[in-house]
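Here the structure comes first, spelled out in structure tokens, and everything after it is commentary.
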DNA sequence: ACCTGAACACCGTTCAAGT
DNA sequence: ACCTGAACACCGTTCAAGT
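Chains as they are written, first to last, in our numbering: chain L, 31 to 258; chain P, 31 to 258.
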């Protein structure tokens with residue numbers, strides 16, 4: 031990997047690789063320099079300092095978050111498809127996405143998807159402030175879900191785990207201290223790990239359905255998708 | 031603040047105060063020792079190392095996240111009230127909550143609220159797996175929304191800001207490259223900063239309404255709260 | 001315009017030694 | 001059982017000096 035001259039792009043590429051592999055906390059200027067085969071201080075000439083190096087990586091990630099093509103017959107289904115596509119993209123780059131989040135740029139990264147959502151909400155007959163509200167609600171919903179989901183995955187062995195707290199033995203105590211209802215099937219369901227993909231689609235569909243129903247035209251009747 | 035002997039509680043208290051004030055990145059073992067008036071190494075005797083000190087603070091935060099008392103006449107309204115109470119609690123301790131999030135313990139912190147949600151979903155007539163799904167959907171919704179919201183607040187001046195991208199001048203370009211619809215009111219609404227509290231309540235009510243409707247008993251008819 | 005090594009002011013952590 | 005200072009192996013960053 032002989033290089034004639036170090037460029038800013040070289041620095042960003044190598045830094046991005048290290049971050050994707052090991053996370054930002056393991057990216058040190060000295061390791062990066064070693065990887066690039068230069069003096070530590072050369073990096074400073076190209077990118078300023080560590081913080082603006084990370085900023086540049088984030089900037090790049092935001093820019094690369096591609097456009098989305100909605101699929102499906104109804105606006106609600108197309109909203110769901112946008113949501114799923116976005117979820118997939120976000121989940122492919124966990125470390126970088128976390129950095130985008132820390133820098134408060136999640137919303138900006140979301141702009142292409144926002145445009146797609148505007149189109150669908152419009153097609154469902156919503157206009158003006160109500161349309162904007164629906165778009166934002168779905169946007170918050172999707173981004174939020176992905177953040178919570180990531181959180182769950184990084185979660186260490188929880189002590190006591192959710193499943194323990196809701197499992198047969200202790201459930202009795204917890205319930206009776208609180209209310210008296212009994213629902214072993216519910217307790218079992220909450221004791222199992224959630225299926226995030228399924229929960230995600232269910233939630234987005236429910237929310238989008240509720241927000242888009244009763245709009246002027248083009249969305250089909252809410253009853254069409256009430257049960258399934 | 032003369033102290034006879036340094037205790038683990040002293041260390042945790044002071045560390046918590048520093049973290050709440052300035053965030054975890056500014057908590058160094060040396061500063062903490064100076065604040066406590068001891069040698070750095072004494073801290074190690076009491077808490078092991080920096081990482082387990084932070085873990086202990088997180089553990090404490092999770093434990094202190096109190097029980098919630100739902101208010102409202104319908105299950106949906108009581109779910110909304112739980113959601114609002116939780117949002118308020120989470121927003122009161124941003125740094126600590128971020129640490130809980132980083133350690134994947136958000137869900138555990140959410141357990142008291144989860145129990146309240148189970149009660150309401152049950153009261154609405156949902157049972158078993160479907161009840162569990164509804165609880166989890168709302169849970170993800172609330173936690174996710176708070177995370178996104180925090181993210182937005184920490185957001186630096188965005189360049190280009192969302193409001194620019196959706197403002198009059200550029201909107202034309204963006205729209206026409208994409209679709210041909212025109213909706214100046216929508217563009218204006220998206221250009222304004224979101225009202226998070228309002229959006230939050232709207233979203234939770236829509237989601238809870240959709241998930242709890244058509245259940246066996248106790249929730250009132252969905253039509254009761256369809257329009258308002 | 002680009003690169004370098006030396007130096008500075010920090011870190012977290014270990015350890016042998018004290019009481 | 002608790003506390004200490006010295007020392008180690010790291011950091012990010014600055015700066016004067018090179019080409």
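Virtual Cβ for every residue (Gly too), placed ideally from N, Cα, C.
query	result
For a contact meaning CB atoms closer than 7 Å, what does residue 181 of chain P contact in chain L?	131, 134 and 136
Residues of chain P with CB under 7 Å from residue 233 of chain L, in chain order?	167, 170, 171 and 237
Could you name the residues of chain P that residue 110 of chain L contacts, counting a contact when the two beta carbons are closer than 8 Å?	Near residue 110 of chain L there are no residues of chain P at all, since even the closest Cβ is about 13 Å away, more than 8 Å.
Taking the C-alpha atoms as reference points, what is the distance between residue 140 of chain P and residue 146 of chain P?	10 Å
Could one say the Cβ of residue 57 of chain L lies closer than 7 Å to chain P's Cβ atoms, at least one of them?	no
Does residue 216 of chain P get closer than 7 Å to chain L when you measure Cβ to Cβ?	yes
Using a Cβ cut-off of 8 Å, pull out every chain P residue sitting near residue 220 of chain L, in sequence order please.	144, 148, 162, 165 and 166
Any beta carbon of chain L sitting closer than 7 Å to that of residue 45 of chain P?	no
Mind checking residue 181 of chain L: buried by the 16 CB within 10 Å criterion, or exposed?	buried
Per the contact definition of three or more C-beta pairs closer than 8 Å, is the region 76-92 of chain L in contact with the region 127-135 of chain L?	yes
Just reading off the alpha helix (DSSP H) that residue 96 of chain P is part of, what are its end residues?	Unbroken run through residue 96 of chain P: none, as it is neither H nor E.
Indicate whether residue 41 of chain P and residue 77 of chain P have their beta-carbon atoms separated by less than 7 Å.	yes
Using a C-beta to C-beta distance shorter than 9 Å, which residues of chain L count as neighbours of residue 126 of chain P?	Those within 9 Å of residue 126 of chain P in chain L number zero; the least Cβ separation is about 15 Å.
Name the chain P residues that come within less than 7 Å of residue 229 of chain L, Cβ to Cβ?	163, 166, 167 and 170
Would you say residue 202 of chain L faces chain P, with C-beta separation under 7 Å as the test?	With a pLDDT of 44 at residue 202 of chain L, under the threshold of 50, the modelled position of that residue is not reliable, and the figure given next carries that caveat. Closer than 7 Å: no.
Which bits of chain P does residue 123 of chain L rub up against, with CB to CB less than 9 Å?	Residues of chain P passing the Cβ test: none, with the nearest at roughly 17 Å.
Can you tell me the Cα-Cα spacing of residue 236 of chain L and residue 224 of chain L, whole angstroms?	17 Å
Does at least one heavy atom of the ligand MG sit under 6 Å from the Cβ of residue 65 of chain L?	Looking for the ligand MG in the displayed structure turns up nothing, as the structure carries no ligands at all.
Quick test of your reading: residue 167 of chain L and residue 229 of chain P, contact by CB under 8 Å. State the CB separation rounded to the nearest angstrom.	6 Å
Near residue 129 of chain P, which residues of its chain fall below 8 Å by C-beta distance, leaving aside the five closest residues on each side in sequence?	49, 54, 84, 87, 88 and 91
Checking 7 Å against the spacing of the C-beta atoms, do residue 143 of chain P and residue 156 of chain P come in under that value?	no
In three-state DSSP terms, what is residue 223 of chain P?	coil
Could you give the distance in angstroms between the alpha-carbon of residue 149 of chain L and the alpha-carbon of residue 173 of chain P?	27 Å
Quick check on the burial criterion: 16 or more other C-beta atoms within 10 angstroms. Buried or exposed for residue 96 of chain P?	exposed
Within 10 angstroms of the Cβ of residue 226 of chain P, are there 16 or more other Cβ atoms? Answer buried if so, exposed if not.	buried
Quick check on the burial criterion: 16 or more other C-beta atoms within 10 angstroms. Buried or exposed for residue 212 of chain P?	exposed
Judging by CA-CA distance, which residue of P:169, P:125 and P:243 is the nearest neighbour of residue 51 of chain P?	P:125
Going straight from the alpha carbon of residue 170 of chain L to that of residue 171 of chain P, what length do you get?	8 Å
Using only the alpha-carbon positions, how far apart do residue 238 of chain P and residue 220 of chain L sit?	18 Å
Helix, strand or coil for residue 37 of chain P, going by three-state DSSP, please let me know.	coil
Rounded to whole angstroms, what is the Cα-Cα separation between residue 101 of chain L and residue 105 of chain P?	35 Å
Report the rounded CA-to-CA distance for residue 35 of chain L versus residue 46 of chain L, giving the unit in angstroms.	19 Å
Which residues, in chain order, does the region 86-112 of chain L contribute to contact with chain P at a C-beta distance below 7 Å?	none
Residue 270 of chain P to residue 231 of chain P, Cα distance in whole Å?	In the structure as shown, chain P starts at 31 and stops at 258, and residue 270 of chain P therefore has no counterpart that could be examined.
Rounded to a whole number of angstroms, what is the C-alpha to C-alpha distance between residue 82 of chain L and residue 71 of chain L?	15 Å
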